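Undergrad: Shown below is the structure under consideration.
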Amino acid sequence: MKKFLAMIMMGVMILMLAACGTNGDVDQAEGAEPEEETPEEEVTEEVDMDALINQLAMDAGVETTADAANFNFSLINTGEEAVTLGFTSSQQYEIQVANADGENVYTFSSDKSFAQAETSEELAAEESLTASEGWTSAVPGQYEATITFLVDTINGQSVEATPFEITQPFTIEEPQKEEEQDQSEAKEFEGDGEAFRNIKVTGENGSYVVSGEARVFEASFMYSIEDGHNVLVEPTPVQVDGDAAPSWSPFEIEVSISEENLPEFGTVTMSIFEESAKDGKPTNVNYIPLENFQPTE
291 MKKFLAMIMM GVMILMLAAC GTNGDVDQAE GAEPEEETPE EEVTEEVDMD ALINQLAMDA
351 GVETTADAAN FNFSLINTGE EAVTLGFTSS QQYEIQVANA DGENVYTFSS DKSFAQAETS
411 EELAAEESLT ASEGWTSAVP GQYEATITFL VDTINGQSVE ATPFEITQPF TIEEPQKEEE
471 QDQSEAKEFE GDGEAFRNIK VTGENGSYVV SGEARVFEAS FMYSIEDGHN VLVEPTPVQV
531 DGDAAPSWSP FEIEVSISEE NLPEFGTVTM SIFEESAKDG KPTNVNYIPL ENFQPTE
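Numbering-wise (my numbering), the sequence shown opens with residue 291 and increments by one.
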């Protein structure tokens, strides 16, 4: 009997020792620190924001009348890849006009409402975003128009400051009294928009003034005048009053043709053009009619 009890006690002790060993293994497993996973490195593609900004070229001009100013402006994608322009609202641009004292006299958005939701505009290669707005309550004076495309992002990347902004001075002239006005009204021509624009012609009977804006190489171009049969003025160089292309600069040409050289019938026409740097041939030729002559009865 004693042997039997001793065997039972020994079996109980063996079971207890086995249980302790198992608990120890569990505690050790629970106390062990998990292996740290090495995070995968995020691969981000660098965006050259300066290159994207330089890929977009802005142009702006102001046309005036006696009591109004028209603002024409554009943003063209000169690159080979499309870009997406992001805006913080449906307003894509702003125009502000200040007078000679620096006081704001016109703000395009002041009397308008815009959807306050992000919008976007995709420009393919060589595609442009264009706009035209008018200020119709102008009074005579000197002004500066600041025109801004409100681009917030390009291809999803934030744009700092306002890189697409142009300040353009302009003048609303005092209206002339009727008796002081020229007998011939000024004639206006748009020009080709590539090298010449905003062309005006005044004068008659051989005395003319031709003015406008030019965007030409080395800030110079040529003009000549003919009547369809005879050359009245041989090709003559003109220097613009400003910088060479890509800037637009004003020019003015005064022409005097003696009366005996004027035609009895036909149109006196001025040609303004550039000379090709490659072969010297005329390029960007614009034909500006100065005056039409009809035979008297």
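Just so it is clear, CB atoms sit at the ideal spot from N, CA and C, and this is done for glycine as well. Owing to the predicted nature of the structure, the values given are computational and were not obtained by experimental measurement.
Which stretch, first to last residue, makes up the beta strand (DSSP E) that contains residue 349?
TA: Note, residue 349: beta strand (DSSP E), 346 to 354.
Undergrad: Mind reading off the beta-carbon distance from residue 523 to residue 541? Whole number of angstroms is fine, and I expect it under 8 Å.
TA: That belief does not hold up - the Cβ atoms of residue 523 and residue 541 are roughly 16 Å apart, past 8 Å.
Undergrad: Do the region 407 to 425 and the region 366 to 375 meet, that is, are 3 or more Cβ pairs less than 8 Å apart?
TA: Contact holds: three or more Cβ-Cβ distances are below 8 Å.
Undergrad: Applying the 10 Å Cβ sphere with the 16-neighbour rule, what's the burial state of residue 433?
TA: Per the 10 Å Cβ criterion, buried.
Undergrad: Between residue 576 and residue 482, what straight-line distance do the alpha-carbon atoms span, to the nearest angstrom?
TA: Roughly 7 Å between the two C-alpha positions.
Undergrad: May I have the straight-line CA-CA distance separating residue 476 from residue 372, to the nearest angstrom?
TA: The alpha-carbon atoms of residue 476 and residue 372 are separated by roughly 42 Å.
Undergrad: What residues in its chain sit with their C-beta under 7 Å from that of residue 536, if we drop five residues either side in the sequence?
TA: Hits under 7 Å: 505.
Undergrad: Can you check which of these residues, 348, 550 and 370, is closest to residue 362 by C-alpha distance?
TA: With distances taken between Cα atoms, residue 362 lies closest to 348.
Undergrad: If we ignore side chains and look at the alpha-carbon of each, how far apart do residue 333 and residue 342 end up?
TA: The pLDDT assigned to residue 333 is 48, lower than 50, so where the model puts this residue is not dependable, and the model offers no usable value.
Undergrad: Would you list the residues sitting across from residue 560 in a DSSP beta bridge?
TA: In DSSP, residue 560 forms a bridge with 515 and 578.
Undergrad: For a test of the three-state rule: what should DSSP assign to residue 403, helix, strand or coil?
TA: Three-state result, residue 403: coil.
Undergrad: Is residue 486 near residue 547, with beta carbons less than 9 Å apart?
TA: Not closer than 9 Å, so no.
Undergrad: Can you name the residues that DSSP bridges to residue 492?
TA: Residue 492 pairs with 499.
Undergrad: Find the nearest neighbour of residue 374 within the set 510, 409, 491 and 351, judged by alpha-carbon distance.
TA: The shortest C-alpha separation from residue 374 is found at 409.
Undergrad: Rounding to the nearest angstrom, what Cα-Cα distance links residue 573 and residue 448 in this structure?
TA: Approximately 41 Å between the Cα atoms of the pair.
Undergrad: Quick one: using the 10 Å Cβ neighbour count with 16 as the cut-off for buried, is residue 390 buried or exposed?
TA: The residue is exposed, with fewer than 16 neighbouring Cβ atoms inside 10 Å.
Undergrad: Going by beta carbon distance, what residues of the same chain come within less than 7 Å of residue 502, once the five residues before and after it are set aside?
TA: So the list reads 481, 486, 487, 488, 489, 490 and 541, once near-sequence residues are dropped.
Undergrad: Output the boundary residues of the beta strand (DSSP E) element that contains residue 543.
TA: Start and end: 539 to 546.
Undergrad: Would you identify the three-state DSSP class for residue 454, choosing helix, strand or coil?
TA: DSSP places residue 454 in coil when its eight states are reduced to three.
Undergrad: Between residue 479 and residue 580, what straight-line distance do the alpha-carbon atoms span, to the nearest angstrom?
TA: Roughly 11 Å separates the two Cα atoms.
Undergrad: Identify whether residue 411 lies in helix, strand or coil by the three-state DSSP scheme.
TA: Strand at residue 411.
Undergrad: Are the Cβ atoms of residue 399 and residue 360 separated by less than 9 Å?
TA: Contact: no.
Undergrad: So, for residue 521: in the same chain, excluding its five sequence neighbours on each side, which residues have a beta-carbon less than 8 Å away from its beta-carbon?
TA: Once the five neighbours on either side are set aside, the close Cβ partners of residue 521 are 514 and 515.
Undergrad: Does residue 628 pass the burial test, meaning 16 or more other C-beta atoms within 10 Å, or should it be called exposed?
TA: Beyond the ends of the chain as shown, which are 291 and 587, falls residue 628; an answer cannot be given.
Undergrad: Can you tell me which of 526, 461 and 385 puts its alpha carbon nearest to the alpha carbon of residue 564?
TA: It is 526.
Undergrad: Can you list, in chain order, the residues of its chain whose CB lies under 6 Å from that of residue 552, leaving out five sequence neighbours each side?
TA: If we look at residue 552 and ignore the five residues flanking it on each side, its Cβ neighbours are 496.
Undergrad: Is residue 551 helix, strand or coil by DSSP?
TA: Residue state, collapsed to three classes: helix.
Undergrad: According to the Cβ coordinates, are residue 378 and residue 440 closer than 9 Å?
TA: Yes; because the gap between Cβ atoms is below 9 Å, this pair is in contact.
Undergrad: Let me know if residue 314 comes out buried or exposed under the rule of 16 or more other beta-carbons within 10 Å of its beta-carbon.
TA: Caution applies to residue 314, whose pLDDT of 49 falls short of 50 and renders its modelled position unreliable; the model cannot decide the point.
Undergrad: Please return the same chain residues whose Cβ sits closer than 8 Å to the Cβ of residue 484, not counting the five positions on each side in sequence.
TA: Contacts found: 505 and 574.
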